[in-house]
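Below: one structure, written as structure tokens.
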Amino acid sequence: MTTVIATSGLVKRYGRVRAVDGIDLGVQQGDIYGFLGANGSGKTTTVRMLLGLVLPTSGEIELLGERMPRAGRRVLHRVGALIEGPAHYGHLSGRENLSLLDASGRGGSWRTRSRRVAAALEQVGLGGVGRRPVKAYSMGMRQRLGLAGALLRRPELLVLDEPTNGLDPQGISEVRELLLDLHRDGTTVFLSSHLLAEVEQLCTRVGVLDRGRLVLQDRLATLTAPTGSTVVHTSDPDRVRAALDGRVTSVEGERVIVRGDDPAEVNARLVAAGVPVHGLALERPSLEAVVLAAAGASPDRVDVRR
Ligand SMILES: Nc1ncnc2c1ncn2[C@@H]1O[C@H](COP(=O)(O)OP(=O)(O)OP(=O)(O)O)[C@@H](O)[C@H]1O
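Laid out in structure tokens, this is it:
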């Protein structure tokens, strides 16, 4: 397994504020890593440090196997980045903005520039409007243009700070599809977000930042692994209790939790006893429950809205 991003004891202090407080991130090749945290928890500061835009107070960063910020010139052309509120020249078109960006970076010939720019615009769904001045773009279109900039060099690693900010639901789902496509083609993705649902739908690994501290980091599949119980949906919880003799651990309305990780076995017993069963599934904790348990704070710390 190749490590793509590794930090150890990473700290950033602004005066008395410890914006980032000793974090050890581990992102492996092939991950879609969701870096989750409430507003102000230190996500943007971390992303800026990863890219060499802000110097750490202490700690170490390795990006694609090289020490940052020292190796910035060597590695950054292999990384596509989108940081909060990407800046563009409003009087120039999207195409012209991307050409300028392409010309300012390493690793791409001028001969193939217009082809690269056109391909990136097409990828983010701006193919038809690339000639319009950016001042006429909506916020969502500007965000897409920022993403197109990150894709110009077909990067091995994409580092995206709140990539769906300002997008409508249609735009959010298009970005999700785009990131999944890029991931299928071998790109590792590191994205920060304050939206649990976004991370749950997209990511393979999750890190949770709470007031500058990394309180959780693991594979999503591990965090939401089956608990060993089965959830039964029924209109008659009392008869489930009677039929399963002591195996019911909790009842919430029509949702009954039964000890045992074989829904077929539970179903067979209930059907044999004539209990109406509307649904059965292995019980798994939601990412929301896992995050709230780890962050141990008020539920508004991470935004759970869909
Ligand atoms: N340049 C700065 N000077 C002083 N304090 C800063 C600076 N940048 C960030 N901070 C502080 O560091 C903390 C973390 O901020 P940061 O922007 O990294 O959080 P975030 O999780 O990205 O939040 P958001 O999603 O709102 O951008 C906040 O308390 C913020 O006020």
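Just so we're aligned, residue 1 is where the sequence shown starts under the UniProt record's numbering, counting upward by one. From the three backbone atoms N, C-alpha and C, an ideal C-beta is built for every residue, glycine too.
A direct Cα-to-Cα measurement between Arg111 and Glu162 gives close to 33 Å. Residue environment analysis places Thr2 among the exposed positions, since fewer than 16 neighbouring C-beta atoms fall within 10 angstroms of its C-beta. A residue is called buried once 16 or more other Cβ atoms fall within 10 Å of its Cβ, and Lys135, having fewer, is exposed. Going by beta carbons, Thr249 and Ser229 fall inside the 8 Å limit. In terms of side-chain proximity, the C-beta atom of Gly37 is found nearer than 7 Å to a non-hydrogen atom of ligand 1. When Cβ pairs closer than 8 Å are counted between the two stretches, the stretch 118-134 is seen to touch the stretch 89-96, the count reaching three or more. At least one heavy atom of ligand 1 falls within 7 Å of the beta-carbon of Val17. Straight-line spacing of the CA atoms in Thr46 and Val20 works out to 7 Å. For Glu283, same chain residues with a beta-carbon under 7 Å away, outside a window of 5 residues either side, are Pro226, Thr227, Ser229, Thr230, Val231, Ile257 in chain order.
Distances from the alpha-carbon of Val240 to those of Arg67, Val275, Ser173 put Val275 closest.
Secondary structure note for Val291: its alpha helix (DSSP H) is the uninterrupted segment 287-295. Take Leu53, set aside five residues on each side of it, and the residues of its chain with a beta-carbon closer than 8 Å to its own are Ile83, in chain order.
The distance from the Cβ of Gln201 to that of Arg176 is about 7 Å, consistent with a contact at the 8 Å cut-off. Taken through DSSP and simplified to helix, strand or coil, Met1 comes out as coil.
The alpha-carbon of Gly9 is positioned some 36 Å away from that of Leu98. Residue range 220-223 is occupied by the alpha helix (DSSP H) that includes Leu220. Annotation for Leu63: the continuous beta strand (DSSP E) segment containing it runs 58-63.
Taken in chain order, the complete alpha helix (DSSP H) segments of 4 or more residues contained in the stretch 66-108 are 72-75, 94-104. For Thr204, no beta strand (DSSP E) encloses it, and the DSSP letter there is neither H nor E.
Distances between the C-beta of Thr224 and the heavy atoms of ligand 1 are all 7 Å or more. Residue pairing from DSSP places Ser192 in a beta bridge opposite Phe35, Asp161.
Gly149 sits in a helix when the DSSP states are folded into three classes.
Per the DSSP secondary-structure output, Ile172 pairs with nothing in a beta bridge. Rounded to whole angstroms, the separation of the alpha carbons of Leu195 and Leu216 is 16 Å. Within 7 Å of the C-beta of Thr44 there is at least one heavy atom belonging to ligand 1. For Asp261, the closest alpha carbon among the candidates Arg213, Arg247, Arg18, Ala295 is that of Arg247.
A straight-line Cα-Cα distance of about 43 Å links Leu223 and Ala103. With a contact defined as Cβ atoms closer than 8 Å, Gly80 and Arg142 miss out at about 17 Å.
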